[in-house]
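Visitor: Okay, handing you the structure first.
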Amino acid sequence: MLSFPQQVNIREVGPRDGLQNEAVWVPTEQKIGLINALSHTGLKRIETASFVHPKALPQMRDAAEVLAGIERVPGVIYSAIIPNAVGAQRAIETQVDEVEIFLSASESHSLRNLRRSVRDSLQAAQEVAAILGEVNLPFDAVISTAFGCPYEGEVAIEQVMWVADRLLELNPQPTRLTLGDTTGMANPVQVTTMVEQFRRRFPGVVLGLHFHNTRGSGLANVLAGLLAGVIHFDASLGGLGGCPYAPGASGNICTEDTINMLHDMGVQTGIDLKKLIECANLAQSFIGHELPSQVLKAGPRTRLISIP
Ligand code: ZN
């Protein structure tokens, strides 16, 4: 008999992780409209923006305007990404509810994408944590390339655990650790092993999983995480956010595909699938290309059809 959690929390990352990978500029008003619509779907966590330097990520240059313009629906946590101390200060000014800091588990990915070593990133994380601590702003520490690195290939579980251990030494501590499969290299067996090791090493620490569907294993990995007892997952509406370096490649797992599967399994998310599909249609209308979402194409599974 399979046993898995009956209630799962989804963090919607489309407005940030999704949109930041889109080549076409999405006007501030449209971003705000999308986040407002998402706020009324039952989602409890929405990643809204990134405070990375505007030159490094032009799509997110309006992060402060977006956060100032959105409706703050009670009960919804609005988060943003911060890369460093400057980003932390900018985010604090917007009165965001929560922030996420990013580190890479792999040395090569860290050097190429964050332009600093893992150890330097950890040092910077302490500087940022201290700033956040002054205003009691909770933060999630995301470990990217936890399941594989595009430059190094395999990333040792021991290396991921070492980074997690250092992150838990931060003062104040992150409220959650998220393991990210940045380029879609995870497989379900690896997910099970990783989660089991994490639980053994860090009992009581809140764990989130962030999967990409780059090679089609996204939902299988969610299932593996679920069976291992994880209840926090990131997903992006419409599957928004393919890889900018591989045209046509899928990015984040799709929120409506994920909750369609979960709801059919009897796992609750508190999210209204119909409303979420409307949001995905809205996003699709302003990015100018088809989104990889399967549910958007097929519609939700209806229980009225009986197969003879
Ligand atoms: Zn992602």
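Residues 743 to 1050 (the numbering used here) are what the sequence shown spells out, left to right.
All C-beta atoms, glycine included, are put in the ideal place defined by N, C-alpha and C.
(1) To the nearest angstrom, report how far apart T917 and G960 are at their CA atoms.
(2) Residues near ligand 1, CB to any non-hydrogen atom under 5 Å, in chain order?
(3) Less than 6 Å between C-beta atoms, sequence neighbours within five positions excluded: which residues of the same chain meet that for V933?
(4) Quick check for students: name the residue ranges of the beta strand (DSSP E) that lie wholly in the region 948-988, counting only runs of 3 or more.
(5) What residue ranges within the region 867-942 form continuous beta strand (DSSP E) runs of no fewer than 3 residues, ordered along the chain?
(6) Would a C-beta distance cut-off of 7 Å place G756 and S978 closer than the cut-off?
(7) Looking at C-alpha atoms only, which residue of N751, S745, S992 is the closest neighbour of L951?
(8) Would you identify the three-state DSSP class for N763, choosing helix, strand or coil?
(9) Below 8 Å on the Cβ atoms is my guess for I1019 versus E998; work out the distance and round it to an integer in Å.
(10) With DSSP collapsed to three states, give me the class of R1043.
(11) When burial is assigned at 16 or more other CB atoms within 10 Å of the CB, is K797 buried or exposed?
(12) What residues match up with S792 in a beta bridge as DSSP calls it?
(13) Can you tell me whether E1032 is helix, strand or coil according to DSSP?
(14) Rounded to whole angstroms, what is the Cα-Cα separation between S850 and L856?
(15) Once DSSP output is grouped into helix, strand and coil, what is the label at E835?
(16) Specify the secondary structure class of E1020 as computed by DSSP and reduced to three states.
(17) Please report the residue range of the beta strand (DSSP E) in which L845 lies.
(18) Of the choices F793, V808, S781, T1000, whose alpha-carbon is the least far from that of V768?
(19) Beta-carbon separation of I1029 and E842 under 7 Å?
(20) Report the CB separation of L949 from V972 in whole angstroms; it is logged as a contact under 8 Å.
(21) The beta strand (DSSP E) with I752 in it runs from where to where?
(22) Relative to the alpha-carbon of T783, which residue among P816, L921, G875, I873 has its alpha-carbon at the smallest distance?
(23) Return yes when the C-beta of W767 is under 6 Å from any heavy atom of ligand 3, and no when it is not.
(24) Quick check on N878: buried or exposed, where buried means 16 or more other Cβ atoms within 10 Å of its Cβ?
(25) Just reading off the alpha helix (DSSP H) that G817 is part of, what are its end residues?
(26) Identify, in the order they occur along the chain, each residue of the same chain with its Cβ nearer than 8 Å to the Cβ of N955, setting aside the five sequence neighbours on each side.
Guide: Result, derived from the coordinates:
(1) Across the structure, T917 and G960 are spaced so that their CA atoms are roughly 25 Å apart.
(2) Cβ-based neighbours of ligand 1 within the cut-off: D759, N994.
(3) Hits under 6 Å: N963, A966, G967.
(4) If we require 3 residues or more, the beta strand (DSSP E) runs fully inside the region 948-988 come out as 949-952, 974-977.
(5) For the region 867-942, the full-length beta strand (DSSP E) segments reaching 3 residues or more read 881-886, 918-922 along the chain.
(6) Cβ distance < 7 Å, so G756 and S978 count as in contact.
(7) Proximity to L951 across N751, S745, S992 peaks at N751, based on C-alpha coordinates.
(8) N763 falls in the helix class under three-state DSSP.
(9) With 8 Å as the limit, I1019 and E998 qualify as a contact, their Cβ atoms being about 6 Å apart.
(10) When secondary structure is reduced to three states using DSSP, R1043 falls in the coil class, being assigned neither helix nor strand.
(11) Exposed, by the Cβ-count rule.
(12) Answer is I823, bridged to S792.
(13) Shown here, E1032 sits in coil according to DSSP, grouped into three states, outside any helix or strand.
(14) C-alpha separation (whole angstroms): 10 Å.
(15) Helix at E835.
(16) For E1020, the secondary structure class from DSSP, reduced to helix, strand or coil, is helix.
(17) Element bounds for L845: 840-846.
(18) Residue V808 is the option with its Cα nearest to V768.
(19) Remark: C-beta atoms of I1029 and E842 do not approach each other more closely than 7 Å.
(20) Confirmed, Cβ separation roughly 6 Å.
(21) Taken as a continuous stretch (DSSP letters only), the beta strand (DSSP E) holding I752 covers 751-754.
(22) Measuring C-alpha to C-alpha distances from T783 to each of P816, L921, G875, I873 identifies P816 as the nearest.
(23) This structure does not include ligand 3; its bound ligands are ligand 1.
(24) Result: exposed.
(25) No alpha helix (DSSP H) contains G817, which DSSP labels as neither H nor E.
(26) Counting only Cβ-Cβ distances below 8 Å, and skipping sequence neighbours, we find G926, L961, G981, S992, G993, N994, I995, C996, P1034.
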